[in-house]
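Heads up: the sequence shown is residues 1425 to 1816, going by the numbering used here.
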Amino acid sequence: MKKLFAAISLVLLVFFVGCKSNEDQSATDHSTWSTYKGSPASLQYSSLKQIDTSNVKELQIAWVYHSGDADTIHNSQIQCNPIIVNGMLYATSPDSKLFALDAATGEEKWVFNPFDPLDSSRKTSFVLNNCRGVSYWTDNKNDKRIFYSAGSYLFSINSETGTPVLSFGDSGKIDLHKGLDRDVDDLLVNSTSPPAIYKDLVIACVRVDEGPHAAPGHIRAFDVRTGERKWIFHTIPFPGEFGYDTWDDTAAYKYIGGANNWSGFSLDEKRGLLFASTGSASFDFYGGKRLGNNLFANTMLALDAETGKRSWHFQYVHHDVWDRDFSSAPALVTINRDGKQIDAVAQTTKTGVVLILDRETGKTIYYIVERPVPDSYELKGERRSPTQPFTT
């Protein structure tokens, strides 16, 4: 098995060892890294054993790739967790360029510039948007694509040529402002984490403003081939939808923003369940304009990946006024509890608590109870939730 040690500059140092390149590796084979964070389960785990504490000191850099586009004005950085598919490494640069390298040699195969000034179809204003990863999809024949976000757009790029797939959306891209069931053209909407891929769907996360003028963080799935929106889950519920009555203002869905999944998804492909953990509703530190418990903000959601329908939910903070959003995707794990093995979801929180819920039902495995909390402080218009969940 070929060994590979690679350093990607400017700021990201990565080592890959013996990465297999088969496209059809199962989700339980942890010897590949063809998916962001190693697997759809967000485990960030590799079963490879060629490097351990006895030989890590012997590692030497095999090659270095310089993207050459550090932006000192905007203090740019690389946050991308690269993937490797069929011996090709895919990642993004500080300036949101997508590039493909020969994973064994570091040789650059192609670079896609989403803000190419010579291409009038891709003219758009630059918005600093740290890209944490990319996603790969194939029909297991000749159609092979990389999906990633730059600025306000979700791009579909031919993984072999680095060119946009023109049949997807608007000449290879989707404007993430569109399809939110509300006019948000003048508001911030982009994406930091890569989309989830389920069958022939690409499911997008969004980053929105945290101030009083914010777009909603609704979750959307698009057809991987055409870009057509296939479903939407309203994280700020519309009239008649579950959770609508947790907002005292019946018009909240028209103007309140946030409640977005920005940290990425986890996917149980066998069960067809998509797990999304959401952030606070806006404004982050004042809830006087959004009284009520505010579902589905600060909530772990389990959605049917095929349809977007809610399977279950667990809200960790009611009516958040401290920006205690979930800052990572949940990990899909199997735990031993009272002599039984339970497929679970493990979610870290900003309060130092790890939530562990049954993956199919959302039932808390280590019990959580609602306890009274202090009433609102002297802040005009504010009314805090009378109780909050506490671990036992």
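Every residue gets a Cβ at the ideal spot worked out from N, C-alpha and C, and that includes glycine.
First through last residue of the beta strand (DSSP E) which encompasses residue i
i, result
"Ala1700", "Leu1697 to Ser1701"
"Pro1663", "Taken as a continuous stretch (DSSP letters only), Pro1663 belongs to no beta strand (DSSP E), as it is neither H nor E."
"Ser1580", "Tyr1577 to Asn1582"
"Tyr1403", "Residue 1403 cannot be examined here, being either before or after the span of the chain that is shown, 1425 to 1816."
"Ala1683", "From DSSP, Ala1683 is part of no beta strand (DSSP E); its letter is neither H nor E."
"Val1769", "Lys1764 to Thr1772"
"Thr1456", "Looking at the DSSP string, Thr1456 is not in any beta strand (DSSP E), and its letter there is neither H nor E."
Alpha helix (DSSP H) segment containing residue i, residue limits
i, result
"Lys1678", "Ala1676 to Tyr1679"
Residue i and residue j closer than 8 angstroms at C-beta
i, j, result
"Ser1704", "Arg1748", "yes"
"Ser1466", "Ala1755", "yes"
"Pro1618", "Arg1556", "yes"
"Tyr1514", "Ala1524", "yes"
"Leu1611", "Ala1574", "no"
"Ala1753", "Ser1701", "yes"
"Ser1580", "Tyr1460", "no"
"Leu1697", "Ala1726", "yes"
"Pro1464", "Glu1784", "no"
Cβ neighbour criterion (16 or more within 10 Å) applied to residue i
i, result
"Phe1550", "At Phe1550, the pLDDT of 49 sits below 50, so the modelled position is not reliable; the number obtained from the coordinates is stated separately. Classification of Phe1550: exposed, given that the 10 Å Cβ count is below 16."
"Ser1517", "buried"
"His1742", "buried"
"Pro1622", "In the sequence on display, residue 1622 carries Tyr and not Pro. The residue in question, Tyr1622, is buried, as its Cβ has 16 or more Cβ neighbours within 10 Å."
"Gly1776", "exposed"
"Ala1675", "exposed"
"Asp1799", "exposed"
"Val1797", "exposed"
"Lys1568", "buried"
"Lys1717", "In the sequence as displayed, the identity of residue 1717 is Asn instead of Lys. It counts as buried."
"Gly1805", "exposed"
"Tyr1801", "exposed"
"Asp1708", "buried"
"Pro1636", "exposed"
"Glu1447", "Per-residue confidence for Glu1447 stands at a pLDDT of 39, beneath the threshold of 50, marking its modelled position as unreliable; no derived number is given."
"Val1613", "buried"
"Leu1803", "exposed"
"Phe1592", "buried"
Nearest neighbour of residue i, chosen from the options [CA to CA]
i, options, result
"Thr1773", "Trp1746, Arg1631, Pro1506 and Trp1561", "Trp1746"
"Tyr1668", "Leu1719, His1637, Gly1596 and Ala1753", "Leu1719"
"Lys1764", "Asn1564, Ile1789 and Thr1702", "Ile1789"
"Ala1729", "Asp1767, Ala1494 and Ile1627", "Ile1627"
"Gln1484", "Ile1475, Ile1502 and Arg1631", "Ile1475"
"Asn1510", "Asp1594, Thr1477, Glu1794 and Thr1562", "Thr1562"
"Asp1633", "Gln1501, Ser1576, Glu1794 and Lys1521", "Ser1576"
"Phe1750", "Val1488, Ala1770 and Ile1766", "Ala1770"
"Val1793", "Val1608, Thr1816 and Arg1761", "Thr1816"
"Val1572", "Lys1521, Val1608 and Lys1481", "The sequence shown places Tyr at residue 1572, not Val. With distances taken between Cα atoms, Tyr1572 lies closest to Lys1521."
Any C-beta of chain C under 8 angstroms from that of residue i
i, result
"Gly1557", "No chain C appears in this structure, which consists of one protein chain only."
Check: residue i C-beta below 7 angstroms from any heavy atom of the ligand NAD
i, result
"Lys1787", "Among the components modelled here there is no ligand, and therefore nothing to report on the ligand NAD."
Assess, as a yes-or-no matter, whether the segment 1658–1666 is touched by the segment 1635–1647 under the definition of 3 or more beta carbon pairs within less than 8 angstroms.
Flag = yes, the segment 1635–1647 and the segment 1658–1666 touch.
Segment contact, 8 angstroms Cβ cut-off, at least three pairs: the segment 1523–1539 with the segment 1598–1616
No, the segment 1523–1539 is not in contact with the segment 1598–1616.
Check whether the segment 1705–1713 touches the segment 1668–1681, counting contact only when three or more Cβ pairs, one atom from each stretch, lie closer than 8 angstroms.
Touching, per the Cβ criterion.
Decide if the segment 1733–1742 is in contact with the segment 1685–1694; the criterion is three or more beta carbon pairs, one per stretch, under 8 angstroms apart.
No, because fewer than three Cβ pairs between the segment 1733–1742 and the segment 1685–1694 fall closer than 8 angstroms, the two stretches do not touch.
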